[in-house]
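Participant: The opening position of the sequence shown corresponds to residue 67 in this note's numbering, with each subsequent residue numbered one higher. Even for Gly, the Cβ is constructed at its ideal location relative to N, Cα and C. These figures come from a predicted structure and were not determined experimentally.
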Amino acid sequence: HFREFTLPMSDKEVEKQAARCMDCGIPYCHGPTGCPVHNQIPDWNDLVYNGDWDNAIRNLHSTNNFPEFTGRICPAPCEEACTLNLEDIPVAIKTIEQAIADKAYETGHIRPYPPERKTGRRVAIIGSGPAGMAAAQQLGRAGHDVHVYERESRPGGLMRYGIPDFKIEKHYIDRRIEQMQGEGVSFHCGINVGVDKPVAQLLAEYDAVLYCGGSETPRPANIPGDDLDGVHDAMPYLVQQNKRIGGEPIQSVAWPSPPIVAGGQHVVVVGGGDTASDCV
């Protein structure tokens, strides 16, 4: 078990990185091949360079609900698209994004912002991963009474159970959940909708139901021997390992696989992408 291995930069180092932003005529960092949520990267780079961290988080939050998550686990296509990447090292955009979010927590800018008025409408959200959390925050701030249903014992979805701590430590998820609860969002964990609670009951109790289930089904390898004993898909293993580290029972209704233990074994990991490195 390893904690996050990417060390944060000092404020001065972050501001120095932000100064490398070229004020491009066409900022490819948030173009078609750059940031998929269209973060206004040159704008908040300029704000950070000038020491205006408060407006930097306001700008970042205008396009991104949870920059403390994406600043840690996003594959950063923005950096790949950065103009400086043509002949030099790209601006450390992802690190700057993480720094903006973390400083906003430190200074109290990220805190509960309950809605000024309530609509009287109730919304149920199925799934508490990034999509469910973002929807819950937006709908809650619009004044709706939002209830999030999660079949696991804690919210966070695959951010919590599919990604190791060396990429994102889970207390960052807990911190954001607490902020959302302070805004009035309710989380109901350990409830498997469709099994423990019929969908028809949700439809009767709420004005709207939003389904935000994650992509948890492994893709078959379709190679000879992939069904032999000792051959496992990555996702069940990652979920079990994250649960072990989090002190949770490793088996659940959603993940009934028997314990997968690799200690003392010779292990071959097929693949070399992010999921493979997570397993290693």
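#1: Looking at the strands, I want to know which residues DSSP matches up with F253.
#2: Can you give me the start and stop residues for the beta strand (DSSP E) that R177 sits inside?
#3: Which word fits Y227, buried or exposed, when buried means at least 16 other C-beta atoms lie within 10 angstroms of its C-beta?
#4: For P324 and Q317, what's the separation of their Cα atoms in angstroms?
#5: Assuming G193 and G280 are in contact, meaning their beta carbons sit under 8 Å apart, how far apart are those beta carbons, in whole angstroms?
#6: Please confirm whether M225 and A158 have their CB atoms less than 9 Å apart.
#7: In its own chain, which residues sit with a C-beta less than 8 Å from the C-beta of A287, not counting the 5 before and 5 after it?
#8: With DSSP run on the structure shown, which of helix, strand or coil describes R188?
#9: Three Cβ pairs or more, each shorter than 8 Å: is that satisfied between the region 151–171 and the region 248–256?
#10: Inspect the beta-carbon positions of E235 and E70 and report whether they are closer than 9 Å.
#11: For the 8 Å Cβ check, are there 3 or more pairs between the region 130–141 and the region 158–170?
#12: Could you round the C-beta distance between V189 and Y277 to whole angstroms and report it? I think they count as a contact, below 8 Å.
#13: Return the first residue and the last residue of the alpha helix (DSSP H) that A122 is part of.
#14: Look at the alpha carbon of L126 and the alpha carbon of D109, and state the distance between them as a whole number of angstroms.
#15: For K82, which three-state DSSP category applies?
#16: When the Cα of E146 is compared with those of E172, G100, L304 and N258, which residue comes out closest?
#17: Is it the case that the CB of P290 approaches a heavy atom of the ligand GTP more closely than 8 Å?
#18: Would you check if the region 205–217 and the region 294–302 touch, i.e. whether three or more CB-CB distances between them fall below 8 Å?
#19: On a CA-only basis, which of D211, P290, D293 and R86 is nearest P181? Give me that one, please.
#20: I'd like to confirm the pairing. Which residues does DSSP put opposite K233 in its beta bridges?
#21: What do you get for G206, buried or exposed, if any count of 16 or more other CB atoms within 10 angstroms of its CB means buried?
#22: Only counting the same chain, and skipping five residues up and downstream in sequence, which positions put a Cβ closer than 7 Å to that of E314?
Facilitator: Reading from the atomic positions:
#1: By 1-based counting over the sequence shown, the position of residue 253 is 187. V214, per the DSSP bridge assignment.
#2: The count along the sequence shown starts at 1 and reaches residue 177 at position 111. Looking at the DSSP string, R177 is not in any beta strand (DSSP E), and its letter there is neither H nor E.
#3: Position 161 of the sequence shown, counted from the first residue, corresponds to residue 227. It counts as buried.
#4: Indexing the sequence shown from 1 puts residue 324 at position 258. Indexing the sequence shown from 1 puts residue 317 at position 251. Spanning the two alpha carbons is a distance of roughly 7 Å.
#5: Mapped onto the sequence shown, residue 193 falls at position 127. Mapped onto the sequence shown, residue 280 falls at position 214. With 8 Å as the limit, G193 and G280 qualify as a contact, their Cβ atoms being about 6 Å apart.
#6: Reading the sequence shown from its first residue, position 159 is the one you call residue 225. Reading the sequence shown from its first residue, position 92 is the one you call residue 158. Not closer than 9 Å, so no.
#7: Position 221 of the sequence shown, counted from the start, is the residue given in the question as residue 287. These residues qualify, in order along the chain: V336.
#8: The residue labelled residue 188 in the question sits at position 122 within the sequence shown. Of the three classes helix, strand and coil, the one that applies to R188 here is strand, per DSSP.
#9: No, they do not touch.
#10: In the sequence shown, counting from the first residue as 1, residue 235 sits at position 169. In the sequence shown, counting from the first residue as 1, residue 70 sits at position 4. In contact: E235 and E70 (Cβ atoms closer than 9 Å).
#11: yes
#12: For this step, residue 189 is matched to residue 123 along the sequence shown. For this step, residue 277 is matched to residue 211 along the sequence shown. Rounded, the Cβ-Cβ distance is 12 Å, inconsistent with contact.
#13: For this step, residue 122 is matched to residue 56 along the sequence shown. From DSSP, the alpha helix (DSSP H) with A122 extends over W119 to H127.
#14: Numbered from its first residue, the sequence shown carries residue 126 at position 60. Numbered from its first residue, the sequence shown carries residue 109 at position 43. Straight-line Cα distance between these residues: approximately 9 Å.
#15: One-based indexing of the sequence shown puts residue 82 at position 16. DSSP places K82 in helix when its eight states are reduced to three.
#16: Taking the first residue of the sequence shown as position 1, residue 146 is located at position 80. With distances taken between Cα atoms, E146 lies closest to G100.
#17: Summarising the ligand content, the structure contains no ligands, and the ligand GTP is consequently not present.
#18: no
#19: Locating residue 181 in the sequence shown gives position 115, counting from the first residue. Comparing Cα-Cα distances from P181 to each of D211, P290, D293 and R86, the minimum goes to D211.
#20: Working through the sequence shown from its first residue, we reach residue 233 at position 167. Per DSSP, none; premise fails for K233.
#21: On the sequence shown, residue 206 is found 140 positions in, with the first residue counted as 1. Buried is the call here.
#22: Mapped onto the sequence shown, residue 314 falls at position 248. Only S219 meet the Cβ criterion.
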